[in-house]
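See structure below.
Numbering (our numbering), first residue to last: 5 to 152.
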(Lines of atoms letter the chains of each structure in order from A and count residues from 1; the text may use other names and numbers.)
(Lines give C-alpha, C1' and ligand atoms only; values in the text may rest on other atoms or scores of the structure.)
Protein backbone atom coordinates (compact mmCIF):
# COMPACT_ATOMS: atom_id res chain seq x y z
CA UNK A 1 0.00 0.00 0.00
CA UNK A 2 1.38 3.40 -0.95
CA UNK A 3 0.99 6.65 0.96
CA UNK A 4 -1.51 7.80 -1.68
CA UNK A 5 -3.76 4.82 -0.92
CA UNK A 6 -4.10 5.42 2.83
CA UNK A 7 -7.49 6.65 3.98
CA UNK A 8 -6.32 9.30 6.47
CA UNK A 9 -9.86 10.07 7.69
CA UNK A 10 -10.36 6.47 8.68
CA UNK A 11 -7.10 6.46 10.64
CA UNK A 12 -8.03 9.61 12.56
CA UNK A 13 -11.21 7.98 13.86
CA UNK A 14 -9.35 5.02 15.31
CA UNK A 15 -8.60 5.34 19.00
CA UNK A 16 -5.00 5.80 20.01
CA UNK A 17 -4.02 2.67 21.93
CA UNK A 18 -1.94 4.85 24.28
CA UNK A 19 -5.01 6.84 25.33
CA UNK A 20 -7.71 5.33 27.53
CA UNK A 21 -10.97 4.64 25.78
CA UNK A 22 -13.67 7.18 26.54
CA UNK A 23 -17.30 6.40 26.12
CA UNK A 24 -20.35 8.03 27.61
CA UNK A 25 -20.74 5.05 29.92
CA UNK A 26 -17.10 5.27 31.01
CA UNK A 27 -17.14 9.03 31.57
CA UNK A 28 -17.04 9.87 35.26
CA UNK A 29 -19.94 11.69 36.80
CA UNK A 30 -18.91 14.73 38.82
CA UNK A 31 -18.92 13.96 42.52
CA UNK A 32 -22.15 14.68 44.37
CA UNK A 33 -22.04 17.67 46.71
CA UNK A 34 -22.30 16.86 50.41
CA UNK A 35 -23.98 20.20 51.15
CA UNK A 36 -26.48 21.86 48.85
CA UNK A 37 -25.66 25.46 49.78
CA UNK A 38 -23.32 27.67 51.75
CA UNK A 39 -26.05 28.05 54.40
CA UNK A 40 -26.33 24.29 54.85
CA UNK A 41 -22.52 24.03 55.02
CA UNK A 42 -22.44 26.74 57.70
CA UNK A 43 -25.27 25.21 59.72
CA UNK A 44 -24.27 21.54 59.51
CA UNK A 45 -20.47 21.65 59.22
CA UNK A 46 -18.65 24.90 59.85
CA UNK A 47 -20.49 26.40 62.84
CA UNK A 48 -20.66 23.16 64.87
CA UNK A 49 -17.02 22.34 64.11
CA UNK A 50 -15.41 25.78 64.46
CA UNK A 51 -15.35 26.59 68.18
CA UNK A 52 -13.73 29.69 69.60
CA UNK A 53 -14.11 31.88 72.65
CA UNK A 54 -15.87 34.94 71.24
CA UNK A 55 -14.94 37.37 74.02
CA UNK A 56 -12.12 38.86 71.90
CA UNK A 57 -13.65 38.07 68.53
CA UNK A 58 -16.68 39.22 66.57
CA UNK A 59 -19.46 37.01 65.29
CA UNK A 60 -22.89 37.62 63.78
CA UNK A 61 -25.55 34.94 64.06
CA UNK A 62 -27.11 36.54 60.97
CA UNK A 63 -23.90 36.17 58.95
CA UNK A 64 -25.90 35.99 55.71
CA UNK A 65 -26.70 39.72 56.04
CA UNK A 66 -23.04 40.55 55.37
CA UNK A 67 -22.02 40.35 51.69
CA UNK A 68 -18.37 39.68 52.55
CA UNK A 69 -19.33 36.85 54.91
CA UNK A 70 -21.59 35.28 52.28
CA UNK A 71 -18.75 35.39 49.75
CA UNK A 72 -16.22 33.95 52.20
CA UNK A 73 -18.51 31.20 53.50
CA UNK A 74 -19.41 30.27 49.92
CA UNK A 75 -15.70 30.09 49.08
CA UNK A 76 -15.11 27.92 52.16
CA UNK A 77 -17.94 25.60 51.18
CA UNK A 78 -16.80 25.24 47.54
CA UNK A 79 -13.19 24.65 48.59
CA UNK A 80 -14.28 22.07 51.17
CA UNK A 81 -16.42 20.21 48.62
CA UNK A 82 -13.43 20.02 46.27
CA UNK A 83 -10.69 19.26 48.79
CA UNK A 84 -12.65 16.60 50.70
CA UNK A 85 -12.05 14.37 47.67
CA UNK A 86 -8.29 14.35 48.34
CA UNK A 87 -7.85 11.63 50.98
CA UNK A 88 -4.22 12.48 51.65
CA UNK A 89 -3.90 16.19 52.38
CA UNK A 90 -7.21 17.69 51.29
CA UNK A 91 -8.48 18.63 54.73
CA UNK A 92 -5.11 19.94 55.84
CA UNK A 93 -4.95 22.15 52.75
CA UNK A 94 -8.53 23.28 53.37
CA UNK A 95 -7.73 24.32 56.96
CA UNK A 96 -4.40 25.95 56.14
CA UNK A 97 -5.31 27.71 52.87
CA UNK A 98 -9.02 28.37 53.31
CA UNK A 99 -10.63 27.99 56.74
CA UNK A 100 -7.93 29.58 58.87
CA UNK A 101 -7.44 32.73 56.77
CA UNK A 102 -11.14 33.29 56.02
CA UNK A 103 -12.28 32.67 59.58
CA UNK A 104 -9.52 34.93 60.92
CA UNK A 105 -10.93 37.77 58.81
CA UNK A 106 -14.55 36.97 59.64
CA UNK A 107 -13.91 36.81 63.38
CA UNK A 108 -11.57 39.79 63.46
CA UNK A 109 -12.58 42.85 65.45
CA UNK A 110 -12.02 44.76 62.20
CA UNK A 111 -13.86 42.26 60.00
CA UNK A 112 -17.37 42.35 58.57
CA UNK A 113 -18.92 41.55 61.95
CA UNK A 114 -17.08 44.32 63.79
CA UNK A 115 -20.31 46.06 64.80
CA UNK A 116 -22.12 42.83 65.70
CA UNK A 117 -21.87 40.95 68.97
CA UNK A 118 -22.58 37.45 70.10
CA UNK A 119 -25.23 38.77 72.51
CA UNK A 120 -26.86 41.48 70.42
CA UNK A 121 -26.43 39.68 67.13
CA UNK A 122 -26.57 41.72 63.95
CA UNK A 123 -25.81 45.42 64.21
CA UNK A 124 -28.54 48.01 63.89
CA UNK A 125 -28.88 50.40 60.94
CA UNK A 126 -27.04 53.17 62.80
CA UNK A 127 -23.90 51.06 63.19
CA UNK A 128 -23.89 49.53 59.72
CA UNK A 129 -20.49 49.34 58.05
CA UNK A 130 -20.69 51.13 54.74
CA UNK A 131 -18.98 49.83 51.57
CA UNK A 132 -15.82 51.63 50.46
CA UNK A 133 -16.65 54.78 48.53
CA UNK A 134 -15.62 54.59 44.90
CA UNK A 135 -15.19 56.88 41.92
CA UNK A 136 -15.61 54.97 38.67
CA UNK A 137 -12.30 54.78 36.71
CA UNK A 138 -12.15 55.75 33.04
CA UNK A 139 -13.67 52.95 30.92
CA UNK A 140 -10.59 52.68 28.68
CA UNK A 141 -8.41 51.95 31.70
CA UNK A 142 -10.20 48.67 32.44
CA UNK A 143 -11.81 47.38 29.24
CA UNK A 144 -14.43 44.67 29.63
CA UNK A 145 -12.41 41.57 28.71
CA UNK A 146 -15.60 39.62 28.01
CA UNK A 147 -15.87 41.68 24.83
CA UNK A 148 -12.30 41.20 23.60
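The C-beta atom is built at its ideal place from N, Cα and C for all residues, glycine as well. Just so we're clear, the structure is a prediction, and the values are computed from it rather than from any experiment.
Residue i versus residue j - alpha carbon distance
i	j	result
residue 86	residue 61	29 Å
residue 66	residue 126	6 Å
residue 64	residue 121	6 Å
residue 89	residue 102	15 Å
residue 147	residue 141	11 Å
residue 54	residue 139	38 Å
residue 51	residue 44	10 Å
residue 46	residue 100	18 Å
residue 32	residue 58	44 Å
residue 82	residue 93	16 Å
residue 74	residue 112	16 Å
residue 37	residue 105	23 Å
residue 29	residue 48	Because residue 29 sits at a pLDDT of 48, beneath the cut-off of 50, its placement in the model cannot be relied upon, and the point is left open.
residue 34	residue 150	27 Å
residue 144	residue 96	43 Å
residue 80	residue 152	32 Å
residue 137	residue 91	44 Å
Where residue i sits in the DSSP three-state scheme
i	result
residue 93	coil
residue 137	coil
Which listed residue (the options) has its alpha carbon closest to that of residue i
i	options	result
residue 78	91, 40, 135 and 108	40
residue 68	114, 50, 97 and 42	42
residue 114	48, 72, 146 and 147	72
residue 56	142, 99, 74 and 107	107
residue 116	152, 70 and 96	70
residue 76	150, 144 and 110	110
residue 134	143, 145 and 118	118
Where the alpha helix (DSSP H) containing residue i begins and where it ends
i	result
residue 107	104-111
residue 76	71-87
residue 44	42-45
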